[in-house]
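Undergrad: With our numbering, letter number 114 in the sequence shown gets 217, and the count goes up by one each step, no holes.
We treat Cβ as the ideally placed atom computed from N, Cα and C, and that holds for glycine.
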Amino acid sequence: MADFCSAVDRCPLRWPDAPGRGDLREHRIGRLADTAYRNQANEKWFKVQSRIHRKKPRGKPMPEQIRRGNATKSKVRAQVEHVLAQQKAKMALFIRTIGIKRAEAKIALANLAYNMNRLIFHERRAANG
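(1) Which word fits R180, buried or exposed, when buried means at least 16 other C-beta atoms lie within 10 angstroms of its C-beta?
(2) Mapping DSSP to helix, strand and coil, what is E129?
(3) Check each candidate in Y217, K159, K209 and name the one with the smallest Cα separation from T200.
(4) Do you know how far the Cα of M194 is from the Cα of M165?
(5) Might you give, ordered along the chain, the residues of its own chain that have their beta carbon closer than 7 Å to the beta carbon of A216, omitting 5 neighbours on each side?
(6) Of the choices H156, A188, K163, H225, whose alpha-carbon is the least far from that of R171?
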(Lines of atoms letter the chains of each structure in order from A and count residues from 1; the text may use other names and numbers.)
(Lines give C-alpha, C1' and ligand atoms only; values in the text may rest on other atoms or scores of the structure.)
Protein backbone atom coordinates (compact mmCIF):
# COMPACT_ATOMS: atom_id res chain seq x y z
CA MET A 1 0.00 0.00 0.00
CA ALA A 2 1.08 3.48 -0.57
CA ASP A 3 -0.13 6.08 1.83
CA PHE A 4 1.22 7.63 5.03
CA CYS A 5 -0.25 5.04 7.34
CA SER A 6 0.28 1.78 5.56
CA ALA A 7 3.36 2.23 3.43
CA VAL A 8 5.50 3.85 6.08
CA ASP A 9 4.06 2.60 9.36
CA ARG A 10 3.08 -0.82 8.01
CA CYS A 11 -0.29 -0.66 9.73
CA PRO A 12 -3.09 -2.91 8.47
CA LEU A 13 -5.53 -1.85 5.78
CA ARG A 14 -8.18 -1.31 8.43
CA TRP A 15 -6.51 0.50 11.27
CA PRO A 16 -8.58 0.12 14.45
CA ASP A 17 -9.71 3.37 15.98
CA ALA A 18 -7.38 4.52 18.73
CA PRO A 19 -8.56 6.68 21.64
CA GLY A 20 -8.13 10.35 20.80
CA ARG A 21 -6.98 9.59 17.28
CA GLY A 22 -10.31 9.57 15.48
CA ASP A 23 -11.47 7.35 12.69
CA LEU A 24 -9.20 7.31 9.64
CA ARG A 25 -12.25 7.19 7.41
CA GLU A 26 -13.06 10.76 8.47
CA HIS A 27 -9.79 11.99 6.98
CA ARG A 28 -10.73 10.77 3.49
CA ILE A 29 -7.33 9.20 3.01
CA GLY A 30 -7.08 7.73 -0.43
CA ARG A 31 -5.71 4.22 -0.29
CA LEU A 32 -3.47 2.88 -2.99
CA ALA A 33 -3.01 -0.86 -2.64
CA ASP A 34 -2.54 -4.06 -4.54
CA THR A 35 -5.58 -5.73 -6.07
CA ALA A 36 -5.53 -8.34 -3.30
CA TYR A 37 -6.96 -5.73 -0.91
CA ARG A 38 -9.95 -4.88 -3.10
CA ASN A 39 -13.10 -6.50 -1.73
CA GLN A 40 -16.59 -5.37 -0.84
CA ALA A 41 -15.92 -5.28 2.90
CA ASN A 42 -12.96 -2.91 2.52
CA GLU A 43 -14.81 -0.74 0.00
CA LYS A 44 -17.78 -0.44 2.36
CA TRP A 45 -15.56 0.27 5.37
CA PHE A 46 -13.75 3.17 3.66
CA LYS A 47 -17.01 4.89 2.67
CA VAL A 48 -15.07 6.58 -0.14
CA GLN A 49 -14.07 5.48 -3.60
CA SER A 50 -10.85 3.53 -3.24
CA ARG A 51 -7.88 3.85 -5.52
CA ILE A 52 -7.08 0.16 -5.49
CA HIS A 53 -6.29 -1.48 -8.83
CA ARG A 54 -8.92 -3.67 -10.42
CA LYS A 55 -8.12 -7.24 -11.45
CA LYS A 56 -8.31 -8.51 -15.00
CA PRO A 57 -11.26 -10.85 -15.56
CA ARG A 58 -10.02 -14.44 -15.70
CA GLY A 59 -9.74 -15.72 -19.25
CA LYS A 60 -10.81 -12.41 -20.81
CA PRO A 61 -8.94 -9.34 -21.98
CA MET A 62 -8.97 -6.38 -19.62
CA PRO A 63 -11.57 -3.77 -20.60
CA GLU A 64 -10.06 -0.51 -21.86
CA GLN A 65 -11.75 1.59 -19.16
CA ILE A 66 -10.30 -0.53 -16.35
CA ARG A 67 -6.86 -0.55 -18.01
CA ARG A 68 -6.86 3.27 -18.20
CA GLY A 69 -8.04 3.54 -14.58
CA ASN A 70 -5.26 1.24 -13.39
CA ALA A 71 -2.72 3.25 -15.41
CA THR A 72 -3.82 6.48 -13.72
CA LYS A 73 -3.52 4.87 -10.29
CA SER A 74 -0.10 3.48 -11.20
CA LYS A 75 1.24 6.96 -11.99
CA VAL A 76 0.42 8.15 -8.48
CA ARG A 77 1.74 4.96 -6.89
CA ALA A 78 5.02 5.27 -8.78
CA GLN A 79 5.58 8.77 -7.41
CA VAL A 80 4.81 7.73 -3.84
CA GLU A 81 6.82 4.51 -3.99
CA HIS A 82 9.85 6.36 -5.38
CA VAL A 83 9.95 8.67 -2.37
CA LEU A 84 9.46 5.83 0.11
CA ALA A 85 12.13 3.70 -1.57
CA GLN A 86 14.60 6.57 -1.47
CA GLN A 87 13.90 7.18 2.20
CA LYS A 88 14.38 3.51 3.00
CA ALA A 89 17.53 3.06 0.93
CA LYS A 90 19.47 6.30 1.29
CA MET A 91 18.26 7.40 4.70
CA ALA A 92 18.04 3.90 6.20
CA LEU A 93 14.51 4.70 7.33
CA PHE A 94 13.13 1.93 9.47
CA ILE A 95 10.27 2.69 11.84
CA ARG A 96 10.63 0.75 15.05
CA THR A 97 9.38 2.95 17.84
CA ILE A 98 7.09 2.65 20.80
CA GLY A 99 4.17 4.98 20.28
CA ILE A 100 2.59 6.55 17.25
CA LYS A 101 3.85 10.05 18.12
CA ARG A 102 7.49 8.95 17.96
CA ALA A 103 6.86 7.18 14.66
CA GLU A 104 5.17 10.31 13.28
CA ALA A 105 8.14 12.43 14.42
CA LYS A 106 10.60 10.07 12.75
CA ILE A 107 8.60 10.13 9.52
CA ALA A 108 8.30 13.93 9.65
CA LEU A 109 12.08 14.31 10.03
CA ALA A 110 12.69 11.89 7.16
CA ASN A 111 10.25 13.85 4.98
CA LEU A 112 11.99 17.11 5.91
CA ALA A 113 15.40 15.68 5.04
CA TYR A 114 14.06 14.30 1.75
CA ASN A 115 12.55 17.68 0.83
CA MET A 116 15.80 19.47 1.65
CA ASN A 117 17.72 17.03 -0.57
CA ARG A 118 15.27 17.65 -3.40
CA LEU A 119 15.58 21.43 -2.95
CA ILE A 120 19.38 21.21 -3.13
CA PHE A 121 19.11 19.02 -6.24
CA HIS A 122 16.83 21.49 -8.02
CA GLU A 123 18.89 24.52 -6.95
CA ARG A 124 22.07 22.93 -8.35
CA ARG A 125 20.26 21.93 -11.52
CA ALA A 126 18.98 25.47 -12.05
CA ALA A 127 22.43 26.94 -11.41
CA ASN A 128 24.14 24.61 -13.91
CA GLY A 129 21.75 24.89 -16.76
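TA: In this structure, then:
(1) Counting from one through the sequence shown, the residue named residue 180 turns up at place 77. That one is buried.
(2) Counted from its first residue, the sequence shown places residue 129 at position 26. The predicted position of E129 is uncertain, since its pLDDT is 46 and thus under 50; no value can be drawn from it.
(3) Looking up residue 200 in the sequence shown gives position 97. Of the listed residues, the one whose Cα sits closest to T200 is K209.
(4) As a working mapping, residue 165 is identified with position 62 in the sequence shown. As a working mapping, residue 194 is identified with position 91 in the sequence shown. Roughly 39 Å between the two C-alpha positions.
(5) Here residue 216 refers to the residue found at position 113 when the sequence shown is read from its first residue. If you ignore the 5 residues before and after A216, its C-beta comes within less than 7 Å of the C-beta of M194, all in its own chain and listed in chain order.
(6) Looking up residue 171 in the sequence shown gives position 68. Closest by alpha carbon: H156.
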